[in-house]
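Residue numbers (our numbering), protein chains in the order written: chain P, 161 to 260; chain B, 134 to 298; chain F, 12 to 643. Every residue gets a Cβ at the ideal spot worked out from N, C-alpha and C, and that includes glycine.
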Amino acid sequence: MIPAAAFFILAAVLFVLGILAFFVKKDLLTQFMAVEVMLNAGNLAFLALAKSLGKAEGQVIVLFVITVAAAEAVIGLAIIVLVFRQRKTIQTDELKDLKG
Amino acid sequence: MAWAVFFTLSFLCIGSVVAMILSRNQAHNALFLVLSFSSLGGLFGLLDAPFAAAVQVLVYAGAIMVLFLFAIMMFNLRVELPARVKRARLALTAGLGTVLLAELFLAGRKLVIGSPGAAPAAGGDTARLGHFLFSEYLYAFEITSLLILAALVGALALAGKREGS
Amino acid sequence: MAELFWLIPLIPGGSSLLLVLFGTKLSRRWVAWQACSAVLLSFLLSLAAFIHLARAPLKSPGLSKTLLPWISSGAFSSPVAFTFDHLAAVMALVVTGVGLLIHVYSTAYMAEDRSNARYFAHLNLFTFFMLVLVMASDLVLMFVGWEGVGLCSYLLIGFWFERPAAAKAGMKAFVVNRVGDAAFIIGILFVLTNMGSSSFASINEAAGSGLLRPGLATLVAILLFVGATGKSAQIPLYVWLPDAMEGPTPVSALIHAATMVTAGVYMVCRLSGLYAASIPASTVVAWIGAATAIFAATMALVQNDIKKVLAYSTISQIGYMFIGCGVGAYAAGMFHLVTHAFFKSLLFLAAGSVIHALAGEQDMRRMGGLKKHLPVTFPVFLVGALAISGVPFLSGFFSKDAILTSAFAGGHYVLYGLGLLGAVMTAFYMFRLVYLTFYGEERMTPKAGHHIHESPRAMTIPLVFLAAFSILAGYVGLPVFFGGKADLFGRFMEGSVKTVTHHLAVSTEGLLVVLATAASLLGIALAFVFYRRTPALPGRLASRFPGVYRLLVGKYFIDEVYDAVVVRPLVRGAETVYERFDLKVIDGALNGSAAAAGLAGKGLNFLQSGLVRDYALAFLIGAIIFLGFLLL
């Protein structure tokens, strides 16, 4: 059996990769995808914990996280669509209205 | 045997995320992510969570990433402009990432990680999961369904085409 | 009725407040009626309380009432309490009585002035504060009145503040008074730290019974007296009074002749127990009084402005009052205060009448021959002049004689001599004024002499009253000459102040009376010679002794000395502090902190880039730090 530690390490690496992706990319859509990666890393950690502690709550949480992530993706994409319609661009370098 | 599967799946997962970072084409990014999520699904399976694995593939890889692809197609962007990432920014982010990784490892060591885990109770863990879902976590379950409804309506309200626009 | 005595100060105070708030909306007639009625009411109340006291047996303590506890801290307390004893009765009657006549006079004198309401508001306010001063039971409350009358003096001297000279004079009065007040406050502090209260009763008692160490008593007495030199215009703080003549003439009459300037004399008499217990302090008082009396009289000899002559005369006469107090004859000093109030305010008001008739002319060199033009003003002025000169049978004679006799009887022969000399000079300069103004050829400018008219009744009737008092007031204090019982005033005052009984042989007393009379008549005769018989004489004398003449006309250049020694350094010091400290340090700190805030803002502006990515970076850094805390 594979020790849960391995999964934790994997989850940590995945999370940091997600962060890296968020900061390196310059368009909204890809940054959004990076957020999804981070969420998944969290899911992995939860499941590893569920397995190692023998409780099923971890899986319940994962289920909910996936559901909520789906809802969030829907709304997020709707907003990105709106932004694109208004500004004709999704490059974050040009979306600087909060400046000052 | 299990280790081989584990390493293959992990390699796939991490590799596709790295490829996503390196690629400049948005459609490619999305597709790489599909691959990544699918392998994650496999990893979930390794963790004795078949239901979660199925849901991951169905919802995440199947629905959410498809949604992303629809959005990409709608934006109809050609190749992403070759945006130069500044060296300094890359270094900063890499540094911060490393720090975070270290912290996470440190945190992980403090975790009480039990033995590879007791075997799931009889009746299959899916049944157990369902049991939990409909008894203790019923409220969360119902509210989540409301949340999905809200997301649906919200998306329509936000981005639906106006009359005559 | 007499129990309502505590209303005496409050009625004019209330009237003043009303006039301040609503005066400009009221009609001129209403303002005049209200102001005068307020003082009239106070006068009637004072009269009632006085009668009550007069009927009570001698040495009875008088009425007193505490209005509020006011200050009470630790061992020290100072309530707002009024006392109406014999001394206060006399002062209150003078303040309200003479004050009433002057209020009435003002209604005509200020009839054309546009700030009518302000004038009467200030005048009522002054009456309020003066009455607080005389009816206070302790030093602290008296000081409130003391400061208050100083304030009103400033306000009224500078009443026509658009005139730079008036504004400056008002400030000069206030600032010079302040110097005296500083000493006064220090005196009060010494009293307070050594005794838990500053009430007059306790001070007098402590001084008399020896509870107060003699050194301390002298120190306090002298400090308080320095304050009195400021308020009562004695050496060295008299310099403001001549300048104060810039104010309206009724103000000069009320404040700078009859009441405020006598506050110092009142204070000394109030604390007669203290001053009697301290011979050094009393000596100081008497000698300063005498020196001032002579000093001011010499300056009055050569003044050309009619009001300035009267101002220096006031300074001189107050010196006499202090001589009386200094030799222990407090009742005599008070007696002269009362008679002086009558004839000096009479002289001022009559002078006002003359100025009014000549459309504002105040220089005596451009007057003359007014005797036939002013049928009411001239006789009353003459009465006043005779009274102040100490001519027998008028009030001034009795009061001045009382002081000089007490000085002689106490063995202070030098003081007596100086007083006698002063009497000669007083008569001389007063009649110089009379001859220059009312006799001789008319030297008026055409503008002034254009419409010489007698003043309206509102002005002349008070004059007549004052003249009557100037004649009759003396008879309440007949000298021992006529038998001891005849000194009603002195016996009345025994209720409140220490009195000394001196025993002079009737013949000695008679001799002193003759000497005093001779002095007055000598002065008048000299004035006649100088200004009627040989009018060229003054000019020849002046050219024979040019140095002396210049010294006198220049008022001994005291003002210039003060200016160079005190005023200029202070102003320069203030300017230096302003430049070095106020501008550089304080403004610098303020501007600097503003600039720092601005710099900080500009410096941190880069954080607000508007890019979500940068904000997310901040999140990340925050999360890392937080996680670090959790781990460590």
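- Judged by their CB atoms, residue 325 (chain F) and residue 105 (chain F) are not nearer to each other than the 9 Å cut-off.
- Beta bridge pairing from DSSP links residue 245 (chain F) with no other residue.
- Residues of chain B with a Cβ closer than 8 Å to the Cβ of residue 631 (chain F) are, in chain order, 229, 233.
- Sequence-distant partners of residue 382 (chain F) (beyond 5 residues in either direction) whose C-beta falls short of 7 Å from its own C-beta, in its chain, are 389, 449, 450.
- Residue 214 (chain F): member of the alpha helix (DSSP H) spanning 211-220, first to last residue.
- Not flagged as an interface residue toward chain B: residue 195 (chain P), since no C-beta distance is shorter than 9 Å.
- Those residues of the region 232-257 of chain P placed with their C-beta closer than 9 Å to a C-beta in chain F are 252, 253, 255, 256, 257, ordered along the chain.
- Taken through DSSP and simplified to helix, strand or coil, residue 197 (chain B) comes out as helix.
- The DSSP-derived three-state label of residue 172 (chain B) is helix.
- In summary, the residues of the region 617-642 of chain F whose CB is separated from some CB of chain P by less than 9 Å are 619, 620, 621, 622, 623, 624, 626, 627, 628, 631, in the order they occur in the chain.
- In this structure, residue 174 (chain P) sits near residue 197 (chain P), with a CB-CB distance shorter than 9 Å.
- Your pair residue 220 (chain P) and residue 184 (chain B) does not check out as a contact, with CB atoms roughly 10 Å apart and the cut at 8 Å.
- Fully enclosed alpha helix (DSSP H) runs of no fewer than 4 residues occupy 251-254, 260-264, 274-281, 283-288 of the region 239-305 of chain F, in order along the chain.
- Shortest Cα-Cα distance from residue 15 (chain F) to any of F:45, F:37, F:636, F:94 involves F:94.
- Within a 10 Å sphere around the beta-carbon of residue 211 (chain P) sit 16 or more other beta-carbons, which makes this residue buried.
- Residue 547 (chain F) sits in coil when the DSSP states are folded into three classes, being neither helix nor strand.
- Any Cβ of chain B closer than 9 Å to the Cβ of residue 178 (chain P) would place that residue at the interface, and such an atom is present.
- When only Cα atoms are considered, residue 158 (chain F) and residue 80 (chain F) end up about 20 Å apart.
- When Cβ-Cβ separations below 9 Å define contact, residue 266 (chain B) makes contact with chain P.
- Taken in chain order, the complete beta strand (DSSP E) segments of 3 residues or longer contained in the region 42-86 of chain F are 74-84.
- Counting of Cβ neighbours within 10 angstroms places residue 116 (chain F) among the buried residues, the total reaching 16 or more.
- Chain B has no Cβ within less than 9 Å of the Cβ of residue 259 (chain P).
- Note on geometry: alpha-carbon atoms of residue 259 (chain P) and residue 165 (chain B) lie some 34 Å from one another.
- In the three-state DSSP reduction, residue 251 (chain P) falls in the strand class (E or B).
- Per DSSP, residue 331 (chain F) is one residue of the alpha helix (DSSP H) stretching across 317-337.
- An exposed status is given to residue 545 (chain F), since fewer than 16 other beta-carbon atoms sit within 10 Å of its beta-carbon.
- Between residue 222 (chain B) and chain P, the shortest Cβ-Cβ separation is below 9 Å.
- Under the Cβ distance rule, residue 219 (chain P) does not count among the residues neighbouring chain F, no pair being separated by less than 9 Å.
- Interface with chain F (9 Å Cβ-Cβ cutoff): residue 243 (chain B) is included.
- Within the same chain, and ignoring the five residues on either side of residue 138 (chain B) in sequence, the residues whose Cβ sits closer than 8 Å to its Cβ are 175, 179.
- Under the three-state reduction of DSSP, residue 95 (chain F) is assigned to strand.
- According to DSSP, residue pairing for residue 180 (chain F) in a beta bridge does not occur.
- Two segments are said to touch when three or more pairs of C-beta atoms, one from each, lie closer than 8 Å; by this definition the region 257-271 of chain F touches the region 361-374 of chain F.
- By the Cβ neighbour-count rule, residue 272 (chain B) is exposed, with fewer than 16 other Cβ atoms within 10 Å of its own.
- Using a Cβ-Cβ cut-off of 7 Å, residue 175 (chain B) is close to nothing in chain P; its nearest Cβ partner there is about 11 Å away.
- Considered as a whole, the region 357-404 of chain F harbours 388-399 as its complete alpha helix (DSSP H) runs of no fewer than 4 residues, in chain order.
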